[in-house]
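Colleague: Counted the way my numbering counts, the sequence shown spans residues 11 to 178. Questions regarding the structure given below will be posed in turn.
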Amino acid sequence: VSELAVQVIHLSKRVDTTLTLVHRMLDEATVRRPMVHSLADLEATTSALRELVSSNDLVVRRTLSNVDYASGQLREVVEQRRSELDSTLLSFNRTMKRLDNFTATLEDISQRINNREGNLGQLIYDDQIAIRLRSTLSNIDSTTTELRTNLGKFLSSSNFNLISVLSF
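Right under this line is the structure:
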C-alpha cells in the first residue's frame, strides 16, 4: 500500500504541475482575453457580411440577370453572324500571316543594310560612295549652270541646228 501511496503522490504532483502549466498558458491576459476579442471581431465581421449580402441581394440578382441576358444576346448574335465572323477571322489570320511575312522581309532588308550589303547598305555606310556621289552631283550642277550660261552661244553656232537636236 505504501508503494501505491507513493505513486499516487507522484501522479498528484505531476497533475498539479500540468494544471499549473495549462493555467499559465491559458491565463487571462495572454490567451483568454485576446481569444474573446478575436471571436467578437469574427462575429461582428460575419454579421456585417450577412448584412451586406442581405442588403445587396436584389442588386446582385439584377446584375446576374443582366449578365445572363447579355450573354444570351451575345450568343444570338454569334449564332446569326457565325459565317461572317468566321470569314472575318479567316481574313484576319491571312492578314496576320502577310504582316508576319512583311515583318520578316523588313528585318532581312534591315539586316542587309546593317551588314553594308547592296547599294543602299553601301550608300549609307561607305564614305567613298558618298564622296563620289557628291562629286557627281556637283559636276551635274556645274554642267547645268554652264549649259544655261552658254546655251545661246551653243544654239547660235553653225554646227548646231534644232532639227539635229529633235532627231536625237
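Ideal placement from N, C-alpha and C gives every residue a C-beta, glycine not left out.
Classify E127 as helix, strand or coil using the three-state DSSP reduction.
Modeller: Your numbering for residue 127 matches position 117 in the sequence shown. Coil at E127, not helix or strand.
Colleague: For the ligand COA, any of its heavy atoms closer than 6 Å to the Cβ of E156?
Modeller: Within the structure as shown, the ligand COA is missing, as the structure has no ligands at all.
Colleague: Where Y135 and S120 are concerned, what is the direct C-alpha to C-alpha distance, given to the nearest angstrom?
Modeller: The residue given as residue 135 occupies position 125 in the sequence shown. The residue given as residue 120 occupies position 110 in the sequence shown. Cα-Cα distance, rounded: 13 Å.
Colleague: Does the distance from the C-beta atom of G131 to that of R142 stay below 7 Å?
Modeller: Taking the first residue of the sequence shown as position 1, residue 131 is located at position 121. Taking the first residue of the sequence shown as position 1, residue 142 is located at position 132. Contact flag unset, no.
Colleague: What span of residues does the alpha helix (DSSP H) with V69 cover, start to end?
Modeller: Reading the sequence shown from its first residue, position 59 is the one you call residue 69. Unbroken alpha helix (DSSP H) run through V69: 67-90.
Colleague: Note down the Cα distance separating R42 from L36, rounded to an integer number of angstroms.
Modeller: For the purposes of this step, residue 42 is identified with residue 32 of the sequence shown, where counting begins at 1. For the purposes of this step, residue 36 is identified with residue 26 of the sequence shown, where counting begins at 1. R42 and L36: Cα-Cα distance of roughly 6 Å.
Colleague: Just the Cα atoms here: how many angstroms apart are Q83 and N76?
Modeller: Residue mapping note: residue 83 aligns to position 73 of the sequence shown, counting from 1. Residue mapping note: residue 76 aligns to position 66 of the sequence shown, counting from 1. Q83 and N76: Cα-Cα distance of roughly 10 Å.
Colleague: What's the gap between the Cα of L116 and the Cα of L109?
Modeller: Sequence index remark: in the sequence shown, residue 116 carries index 106 (1-based). Sequence index remark: in the sequence shown, residue 109 carries index 99 (1-based). Using only the alpha carbons, I get a separation of about 10 Å.
Colleague: Where does the unbroken alpha helix (DSSP H) through T30 begin, and where does it stop?
Modeller: Position 20 of the sequence shown holds residue 30. It spans 12-35 - the alpha helix (DSSP H) in which T30 sits, taken as one unbroken run.
Colleague: Is it the case that the Cβ atoms of L133 and I139 are separated by a distance below 7 Å?
Modeller: By one-based count along the sequence shown, residue 133 stands at place 123. By one-based count along the sequence shown, residue 139 stands at place 129. Yes; because the gap between Cβ atoms is below 7 Å, this pair is in contact.
Colleague: Please state the DSSP three-state secondary structure of D137.
Modeller: Counting from one through the sequence shown, the residue named residue 137 turns up at place 127. Residue state, collapsed to three classes: helix.
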